[in-house]
Each structure stands twice: as structure tokens, then as C-alpha cells.
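Chains as they are written, first to last, in our numbering: chain A, 359 to 469; chain B, 365 to 481.
Now the structure itself:
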């Protein structure tokens, strides 16, 4: 069964450093998403991506964030200069016919 | 804007008993999907069950079933014969069925389910 794969599973980075979170979505999905979940809080939508461009983004998704799909398979989320409050689980998801398929998440810890 | 509310931060149930998790939502749309996701300690997001708003019949998946009340905008999850492996955070989520929302999920705050052996 196809699945969404995220790497790394856990990343520790120093404040101010750039991080790139990677996702390989299911090949026939067209919509992709990044969600964030700060520990103990609800899941928050960051951005949706369709046809190689951002289709919608939330207020959280400021200039520090960017997404791209450079090679048609990997879907990346970049945080340019990490802050302590960026520490969270980041989930990639692809939209199937009815439900979203989630990766296992990347736990980002900013120290 | 759509909202999803889970009013129970935590629920506990004895193993083998039945438990119901509550979820209410607010929307002006008539066509949408509702989901329950399970998040175990590994923090992976696992789909438990899905309900299409146009279907009157409540969805069921083995020990999991929903009580979907469209007029009341209520979508509760019933877990029968609770097992230790059911212990997790459970999230209720809403998704529009129309394109304009880009199909993003709107999430509730989650309910932590504790199973007592």
C-alpha cells in the first residue's frame, strides 16, 4: 500500500539555523499539505500546494517558511531562521479521493 | 469559517467497555467530510473513520462507529470493547467537499483516551 514518507523523523537544530523537512507523497496525489502540531496543542494548517505552487497558506506561514517540489517527487518545507516556537511536529499530507494521507511526521526541536 | 470543537480534553474507560468521544462543528456548507484520527504516543496521525455528510447512514469500522447528527452538527465516536491499544489522542476533523477551501482539514483540540486495564 502506498504511503507518505517523511524525513527526518526527528531533527534538532539551533535557533537561527535553516531546516528542510522532506516528504515523499503518494505519486497520484495532486494536493499536498503541511500541518504543524505544537506539543499538547491542536493541529494547525500551514500551507497547501497544487500544480507546483502554493494554493493557500495560513497566517503561521510567514516569510520564514517556504515550500517547493523541485523534482516532481520530494515536497519540502523550509524554515529559514528557526525560532524556539517552531518546535513542533510537522506533518506532510496528500489528498486522496476522500481522505488525507499523512506521513509519520517530523519532530523538530529548536534549541 | 468552519470550527470543530471537542469538549472533552480527557476520557477514561475500563478495558472491554464502551466509550463515546464527542465532537461538534460549525459550518454553513451542506457538503463536507468528517473524520476521526487517532494519534498514539508515536504521534503518527492514523485515520480511524470517515463520514460523508450526504450519507445518512452512520459509518462503522469494526469496533469504531460514529453517531452523525447533521442537523445538530454533532459527530461522536463510539469505541466498543475498548482495548489497551486504543489509548491515544483522538482528533475530530472537518473538510469541505468544495474546491474553494483547497480541502484543508479543520481540527478539534483532541481528546486523550485512557484505557484502564
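The beta carbon of each residue, even a glycine, is placed where N, CA and C say it ideally should be.
Check your understanding: For residue 471/B and chain A, any beta-carbon pair shorter than 8 Å?
Key -> Within the second chain, numbered from 1, the residue matching residue 471/B stands at position 107. Proximity of residue 471/B to chain A, defined by a Cβ-Cβ separation below 8 Å, is satisfied.
**Study point:** Residue-level contact to chain A via CB, residue 407/B, 8 Å cutoff
**Key:** To locate residue 407/B, count along the second chain from 1; it is residue 43. At least one beta carbon of chain A lies nearer than 8 Å to the beta carbon of residue 407/B.
Check your understanding: Given that a residue counts as buried once 16 or more other Cβ atoms are within 10 Å of its Cβ, and exposed if not, what is residue 427/B?
Key -> Along the second chain, one-based indexing puts residue 427/B at 63. Exposed, by the Cβ-count rule.
Point to revise | Contact with chain A by residue 398/B, beta-carbon distance below 8 Å | key: Here residue 398/B refers to the residue found at position 34 of the second chain. Judged by the 8 Å Cβ criterion, residue 398/B is not in contact with chain A.
Practice item. Please decide whether residue 458/A counts as near chain B, where near means a Cβ-Cβ distance under 8 Å. Key: As a first step, residue 458/A must be located in the first chain, where it is residue number 100. Closer than 8 Å: yes.
Practice item. Go ahead and pull the three-state DSSP assignment for residue 452/A. Key: Mapped onto the first chain, residue 452/A falls at position 94. Residue 452/A: strand per DSSP, three-state reduction.
Check your understanding: Going along the chain, which residues of its own chain have a beta-carbon closer than 8 Å to the beta-carbon of residue 371/A, five neighbours each way excluded?
Key -> Counting from 1 along the first chain, the entry for residue 371/A is found at position 13. Closer than 8 Å at Cβ, skipping near neighbours: 377, 440, 466, 467, 468 and 469.
Practice item. Let me know the secondary structure DSSP gives residue 442/A once reduced to three states. Key: Position 84 of the first chain, counted from the start, is the residue given in the question as residue 442/A. The three-state secondary structure of residue 442/A, taken from DSSP, is helix.
**Study point:** the segment 374-391 of chain A contacting the segment 441-453 of chain A, beta-carbon criterion three pairs below 8 Å
**Key:** Enough Cβ pairs lie closer than 8 Å, so yes.
Point to revise | Counterpart residues of residue 417/B in DSSP-defined beta bridges | key: For the purposes of this step, residue 417/B is identified with residue 53 of the second chain, where counting begins at 1. Beta-bridge pairing links residue 417/B to no other residue.
Point to revise | Residue environment, residue 480/B, which counts as buried when at least 16 other CB atoms sit within 10 Å | key: Here residue 480/B refers to the residue found at position 116 of the second chain. By the 10 Å Cβ count, residue 480/B comes out exposed.
Check your understanding: Is residue 455/B close to chain A, meaning its C-beta is less than 8 Å from at least one C-beta of that chain?
Key -> Start at 1 with the first residue of the second chain, and residue 455/B comes out as number 91. Yes, because at least one Cβ of chain A sits closer than 8 Å to the Cβ of residue 455/B.
Check your understanding: Would the beta-carbon of residue 457/B fall within 8 Å of that of residue 443/B?
Key -> Within the second chain, the letter at position 93 stands for residue 457/B. Within the second chain, the letter at position 79 stands for residue 443/B. Against a cut-off of 8 Å, the Cβ pair of residue 443/B and residue 457/B comes out as no contact.
Check your understanding: For residue 405/B, which residues from the same chain have a beta carbon less than 8 Å from its beta carbon, with the 5 sequence-adjacent residues on both sides left out?
Key -> Here residue 405/B corresponds to residue number 41 of the second chain, with the count starting at 1. Correct list, in chain order: 452.
Review point. So is residue 406/A buried or exposed if we call it buried at 16+ other beta carbons inside 10 Å?
Key: Position 48 of the first chain, counting from 1, holds the residue named residue 406/A. Buried: at least 16 other Cβ atoms inside 10 Å.
Exercise for review: Give every residue of the same chain whose Cβ lies closer than 8 Å to the Cβ of residue 382/B, excluding the five residues on either side of it in the sequence, and list them in chain order.
Suggested key: As a position in the second chain, residue 382/B is number 18, starting the count at 1. Excluding its 5 nearest sequence neighbours in each direction, residue 382/B has C-beta neighbours in its own chain below 8 Å: 442, 443, 444, 445 and 446, listed in chain order.
Practice item. Determine contact between the segment 390-399 of chain B and the segment 412-419 of chain B, defined as no fewer than three beta-carbon pairs at a distance below 8 Å. Key: The answer is yes - the segment 412-419 of chain B touches the segment 390-399 of chain B, with three or more Cβ pairs under 8 Å.
Check your understanding: In the segment 368-394 of chain A, which residues sit with their C-beta less than 9 Å from some C-beta in chain B, listed in chain order?
Key -> If the cut-off is 9 Å between Cβ atoms, the segment 368-394 of chain A has 389, 391 and 393 near chain B.
Check your understanding: In chain B, which residues lie less than 7 Å from residue 401/A when you measure between Cβ atoms?
Key -> The residue you call residue 401/A lines up with position 43 of the first chain. Around residue 401/A, the beta-carbon contacts reaching into chain B at under 7 Å are 455 and 471.
**Study point:** Proximal residues, the segment 416-430 of chain A versus chain E, C-beta separation under 7 Å
**Key:** Although the question refers to chain E, the structure presented lacks it and instead comprises the protein chains A and B.
Check your understanding: What does residue 463/A touch in chain B if you count any residue whose Cβ is under 8 Å from its own?
Key -> The residue given as residue 463/A occupies position 105 in the first chain. Simply 407, 408 and 409.
Point to revise | For residue 388/A, the three-state DSSP class (helix, strand or coil) | key: The residue given as residue 388/A occupies position 30 in the first chain. Reduced to three states, the DSSP call for residue 388/A is coil.
**Study point:** Through-space distance from residue 462/B to residue 408/A, alpha-carbon basis
**Key:** On the first chain, position 50 is the one that residue 408/A refers to. On the second chain, position 98 is the one that residue 462/B refers to. Cα to Cα, the separation comes out at about 15 Å.
Check your understanding: With 16 as the cutoff for other CB atoms within 10 Å, does residue 419/B come out buried or exposed?
Key -> Here residue 419/B refers to the residue found at position 55 of the second chain. Here residue 419/B is exposed. Its C-beta has fewer than 16 other C-beta atoms within 10 Å.
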